[in-house]
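Written out below as structure tokens is the structure these notes cover.
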Amino acid sequence: MNTTHTCNDSACEVGSGHDSTTSQKAAIVVLSDPHSGSKDEALGRVFNALAAAYDFKQRGGDVTVQFQGAGTRWLGELVQPNHPAHQLYKEVEDTVAGLSCGCADVFGGAEDATACGLDLITDNKVPGTTGLPSLASMVSEGRNVITF
31 MNTTHTCNDS ACEVGSGHDS TTSQKAAIVV LSDPHSGSKD EALGRVFNAL
81 AAAYDFKQRG GDVTVQFQGA GTRWLGELVQ PNHPAHQLYK EVEDTVAGLS
131 CGCADVFGGA EDATACGLDL ITDNKVPGTT GLPSLASMVS EGRNVITF
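Mapped onto my numbering, the consecutive letters of the sequence shown carry residue numbers 31 to 178.
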């Protein structure tokens, strides 16, 4: 007898005895700055963000990756073939929704996004900006927001 069922509960945990992957929705937000004083920490954060996206993707989950804040600077780094996270980035590139337009205005990255065919996200019309991604929309879609 198969006791596996599809979980529609957002509190569902992997390994809890039922199939949660079909309903798991995640939004991974990369905020780390590749130009920060601690390059090892920043690399660790983006690598783990991409690894989490890879994990969700491999399990059939619905995952999206967005770059916000100083994280908008990552794209130019990750597309370089010699970057340590390049291969992992290529594995999850199809999950990357884009980067924050307003943050790219401040921190850079808009040109890299355009060159890669990625969107500049403007869902949240924050006054004084060109717009940022809407975390509220992601939550209302049933996504768990994970930040790195």
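Heads up, the beta-carbon is just placed ideally off N, CA and C, and yes, glycines get one too.
Computed from a predicted model, the values in this text were never measured in an experiment.
Compute the beta-carbon to beta-carbon distance between residue i and residue j, rounded to the nearest angstrom, for a pair I have assumed lies under 8 Å.
i: Q98; j: L162; result: 7 Å
i: K87; j: T144; result: With a Cβ gap of about 24 Å, K87 and T144 do not count as contacting.
i: A81; j: V95; result: Rounded, the Cβ-Cβ distance is 11 Å, inconsistent with contact.
Under 9 Å between the Cβ atoms of residue i and residue j?
i: A128; j: D149; result: What sits at residue 128 in the sequence shown is Gly, not Ala. Cβ distance < 9 Å, so G128 and D149 count as in contact.
i: K55; j: D92; result: yes
i: F178; j: R75; result: yes
i: G101; j: L61; result: yes
i: G138; j: R103; result: yes
Where do the ends of the alpha helix (DSSP H) carrying residue i lie?
i: N78; result: K69 to Q88
i: A57; result: Where A57 is concerned, there is no enclosing alpha helix (DSSP H), although the beta strand (DSSP E) it sits in stretches over K55 to V60.
i: V122; result: H116 to V122
Which two residues bound the contiguous beta strand (DSSP E) that contains residue i?
i: F97; result: D92 to F97
When you compare only the Cα positions, how much space is there between residue i and residue j?
i: H116; j: L165; result: 27 Å
i: M168; j: I58; result: 10 Å
i: I176; j: L108; result: 20 Å
i: C133; j: S66; result: 16 Å
i: E171; j: K69; result: 33 Å
i: V156; j: S130; result: 11 Å
**Q.** Uninterrupted beta strand (DSSP E) stretches inside the stretch 126-161 (no shorter than 3 residues)
**A.** For the stretch 126-161, whole beta strand (DSSP E) runs of length 3 or above, ordered along the chain, are 126-130 and 149-151.
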